[in-house]
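Novice: Following the numbering used here from start to finish, the sequence shown increments by one per residue and tops out at 479.
Quick reminder that beta carbons are idealized off the backbone N, C-alpha and C, glycines included.
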Amino acid sequence: MPPDDAACYSSDIYQNTLSYLEFPMFLPGPMELLIIAAIFLMLIGVPLLIAVLVIYLVKSTKSPEGDDRHD
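(1) Return the CA-CA distance between P438 and A445, expressed in angstroms with no decimal places.
(2) What number of angstroms, rounded off, separates the C-alpha of L461 from the C-alpha of E440?
(3) Suppose you measure from the CA of S468 to the CA of A459; what does that come to, to the nearest Å?
(4) How many angstroms separate the CA atom of V466 from the CA atom of V454?
(5) What residue range does the alpha helix (DSSP H) around G453 cover?
(6) Alpha carbon to alpha carbon, how far is Y464 from L442?
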C-alpha cells in the first residue's frame, strides 16, 4: 500500500468521524438525548455516590466509640 493511499484512507476516516459527530446528525431523536443524559448523570453521579458513601462510612466508624469527646 503506497503512503498516498494511507493518507487518503486516514483522511476519509477523519471526515467520516467529523460528519458523524456533527450535532444534528448525531442527535436525530430524543432517545439519543436520553442516552447522553444518562451517561452524563452516571459520570457525575457515580463518583458523588462513592464520595458520600466513603464519608458516611468514615463518620459511622468514628462516632460509635466516642473517643474524641472527652478531651
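Specialist: The structure says:
(1) 10 Å
(2) 31 Å
(3) Computed Cα separation, rounded: 14 Å.
(4) 18 Å
(5) 438 to 470
(6) 31 Å
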